[in-house]
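Protein chains in written order, with the working numbering: chain Y, 559 to 659; chain S, 559 to 659.
Protein chains: 2
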Amino acid sequence: MAFTLSLIGGRWKPAILWALLRGRMRYSELKKTIQQISERMLSAQLRELEEHGLIERFVFPEVPPRVEYELTPLGRSMEGLLQQLSDWGIITGQLPVNKVK
Amino acid sequence: MAFTLSLIGGRWKPAILWALLRGRMRYSELKKTIQQISERMLSAQLRELEEHGLIERFVFPEVPPRVEYELTPLGRSMEGLLQQLSDWGIITGQLPVNKVK
DNA sequence: GGCATTACTTACATTTTTGTGCGTTCCGGA
DNA sequence: TCCGGAACGCACAAAAATGTAAGTAATGCC
């Protein structure tokens, strides 16, 4: 459990994985989809996800550069889990029981 | 999704919730179950879980003091999710089954 | 009186995570 | 010649999470 969270935890990884569930995307598309993320964080998280085998990186040797990212089968195997994380928040009504930061 | 993770994320909350799935426990039992946690962290996380409505606190006005913690229905509604978080780590074979909490 | 017990709280230190701003590369077009 | 575009890398700074050590209260027991 701690292991699983170490792979998808943190502020940005869930958003990145969620975006990639819709298909292969390039760096700039991810950035546009998750506007608030800084470029530094986006690169860093993508690299970690890749190291952990959840996503794959496709580099096209062009100028300007083009890099695309896609979920690996392992990454796709998290879909149900991600869906549940999302659903639970919705089903419970996103309760502002007490302020959630 | 980010909302859900804000409630169960962090280093200790999953362990606490996981322990409480087995039933009501007092502070000292939790501490014994999760030996590595410091008392400061245990109190702090318990307080947050309570604020977010996932656990309930029962104080017995005795000396020495006794305080018990139990999952609320909302907390119990996370069982499937927690189970999936645990299962995913095991199923992917990234962790030896016997070492998983 | 002195000590052990339990569930904390507070002050402070350290570690981890995230953010900000700037530099780099290569090429083609104005 | 200068500029813009894409996907970064790096140094530094701020913020957030976690750890460490000590102290507190009330009571019963020796």
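The beta-carbon is built from N, C-alpha and C at its ideal position, and this holds for glycine as well.
The structure displayed is predicted, hence computed values, not measured ones.
(message) Going by DSSP in three states, L629(Y) sits in which element: helix, strand or coil?
(response) strand
(message) Tell me the rounded alpha-carbon separation between M599(S) and G647(Y).
(response) 25 Å
(request) Could you please give me the residues that DSSP links to F616(Y) through a beta bridge? (result) Residue pairing for F616(Y): DSSP places it in a beta bridge opposite E626(Y).
(request) Give the C-beta separation of G651(S) and L632(S) to the nearest angstrom, bearing in mind that I take them to be a contact with Cβ-Cβ under 8 Å. (result) Contact flag wrong, Cβ pair sits at about 32 Å.
(request) Using a Cβ-Cβ cut-off of less than 8 Å, list which residues of the stretch 621 to 648 of chain S approach chain Y; keep chain order. (result) Answer set for the stretch 621 to 648 of chain S: L632, S635, M636, G638, L639, L640, Q642, L643, S644, W646 and G647.
(request) Return the CA-CA distance between K659(Y) and E609(S), expressed in angstroms with no decimal places. (result) Note that K659(Y) scores 35 on pLDDT, short of 50, meaning its location in the model is unreliable and no value can be drawn from it.
(message) Rounding to the nearest angstrom, what Cα-Cα distance links Q642(S) and L579(S) in this structure?
(response) 14 Å
(message) Would you say L607(S) lies against chain Y (beta-carbon separation less than 8 Å)?
(response) When Cβ-Cβ separations below 8 Å define contact, L607(S) makes no contact with chain Y.
(message) I'd like to know if G567(S) contacts chain Y, where contact means its C-beta is closer than 8 Å to some C-beta of that chain.
(response) It does; some Cβ of chain Y falls within 8 Å.
(message) For M636(S), list the residues DSSP reports as bridge partners.
(response) Bridge partners of M636(S): none, in fact.
(message) Any heavy atom of the ligand PLP closer than 7 Å to the beta-carbon of R584(S)?
(response) In the structure on display, the ligand PLP does not appear, and there are no ligands present to speak of.
(request) Can you tell me which of the three DSSP states R584(S) falls into? (result) strand
(message) Can you give me the C-alpha to C-alpha distance between F561(Y) and G567(S), rounded to a whole angstrom?
(response) Taking the straight line from one Cα to the other gives about 12 Å.
(request) Using a Cβ cut-off of 8 Å (strictly closer), state whether L604(S) contacts chain Y. (result) no
(request) Would you grab the beta carbon distance between A577(Y) and I595(Y) for me? Rounded to a whole angstrom, and I think it's under 8 Å. (result) That belief does not hold up - the Cβ atoms of A577(Y) and I595(Y) are roughly 10 Å apart, past 8 Å.
(request) Using only alpha-carbon positions, find the residue among I649(S), P622(S) and L640(S) that is nearest to A573(S). (result) Here the closest residue by C-alpha is L640(S).
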